[in-house]
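Chemist:
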Amino acid sequence: MRNFISMSVFAGILIGTGGLVYLRVGGLPGAVLFAFGLLCVVMCGAQLYTGKSGFLPFREFPKLILMLTANAIGCLIAAYIAQYVASDAVSSNLATILSSRQSASWHSLAVTSSGTGMIMTLAVYGARKQHYLPLLFGVPVFILCGLPHCVADAFYYSLAAITGKWEWWILGAWFWSIVGNYIGCNLPRILMGEKFEFKA
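Residue numbering for the sequence shown follows this note's numbering, beginning at 328 and increasing consecutively.
#1: Determine, using beta carbons only, whether residue 413 and residue 339 come nearer to each other than 8 Å.
#2: Taking 7 Å as the limit between beta carbons, can you name the residues of its chain near residue 468, skipping five residues before and five after?
#3: Count the other C-beta atoms from every protein chain shown that fall within 10 angstroms of the C-beta of residue 337, then say buried if there are 16 or more, exposed otherwise.
#4: Would you be able to state if there are at least three C-beta pairs under 8 Å between the region 394 to 411 and the region 431 to 443?
#5: Could you give the C-beta distance for residue 480 and residue 504, rounded to a whole number, given that I count them as a contact under 8 Å?
#6: Let me know the secondary structure DSSP gives residue 515 once reduced to three states.
#7: Answer with buried or exposed for residue 331, where buried requires no fewer than 16 other C-beta atoms within 10 angstroms of its C-beta.
#8: Going by alpha carbons, who is nearest to residue 391 out of 372, 509, 367?
#9: For residue 486, does the count of other Cβ atoms within 10 angstroms reach 16, so buried, or fall short, so exposed?
#10: Are residue 484 and residue 501 closer than 8 Å when you measure CB to CB?
#11: Could you give the first and the last residue of the continuous alpha helix (DSSP H) run that contains residue 429?
#12: Enumerate, from N- to C-terminal direction, the unbroken alpha helix (DSSP H) stretches of 4 or more residues contained entirely within the region 472 to 500.
#13: Which residues in the same chain as residue 424 place their Cβ atom closer than 7 Å to its Cβ, once the five residues preceding and following it in sequence are excluded?
#14: Quick one: using the 10 Å Cβ neighbour count with 16 as the cut-off for buried, is residue 472 buried or exposed?
#15: Tell me, please, whether the region 456 to 468 touches the region 352 to 359 by the rule of three or more beta-carbon pairs shorter than 8 Å.
#16: Taking just the CA atoms, how far does residue 521 sit from residue 344?
#17: With a 10 Å radius around its C-beta and 16 neighbouring C-beta atoms as the bar for buried, classify residue 385 as buried or exposed.
#18: Should residue 428 go down as buried or exposed, given a rule of 16 or more other Cβ atoms within 10 Å for buried?
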């Protein structure tokens, strides 16, 4: 259990690191560099909510909640570090993300987040079959499409809180991205049926 929690926190730190480089660089280069976080998660076998939701048996959903909580703690640690390398670009890009989440309806967040979930599961699924390009391209795809990733958002929201930009709507937005990500993560195994070969 201790290793499970530490590896879940580690996954949050890695995704938070990807989130930081995206905030600093922005655009296509930042989206591509963000992929470093997911590549390292897979390489290290870290426990990431969106990397496991499409593979764990449905009855193990409580395990995912613990994993996500630890992911969020890792994101908070990354956000604490990020405040020391903040810049005008970081503030501007963070404000853009927060604005887009705030203006989105709950159903919009749930639907768009499901797209991220599907991409994440397919990226990890590809890596398990020794196909790594989906890992590299998956992250830029969901970022440039404006699709929310609940763990990345945990980093953005943590940084917002640390820098005095916290607002209560964030909790609702995060909840619907969590729900949407979970739904999307499970679409491949539901739609592919027996063709989806998975092991938790």
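Just so it is clear, CB atoms sit at the ideal spot from N, CA and C, and this is done for glycine as well.
It should be emphasised that the depicted structure is a prediction, and the values quoted were computed from it without experimental measurement.
Modeler: Once the coordinates are examined:
#1: no
#2: 446
#3: buried
#4: no
#5: 6 Å
#6: helix
#7: exposed
#8: 509
#9: buried
#10: Remark: C-beta atoms of residue 484 and residue 501 approach each other more closely than 8 Å.
#11: Start and end: 415 to 430.
#12: 477 to 489
#13: 483
#14: Burial call: exposed.
#15: Enough Cβ pairs lie closer than 8 Å, so yes.
#16: 36 Å
#17: exposed
#18: buried
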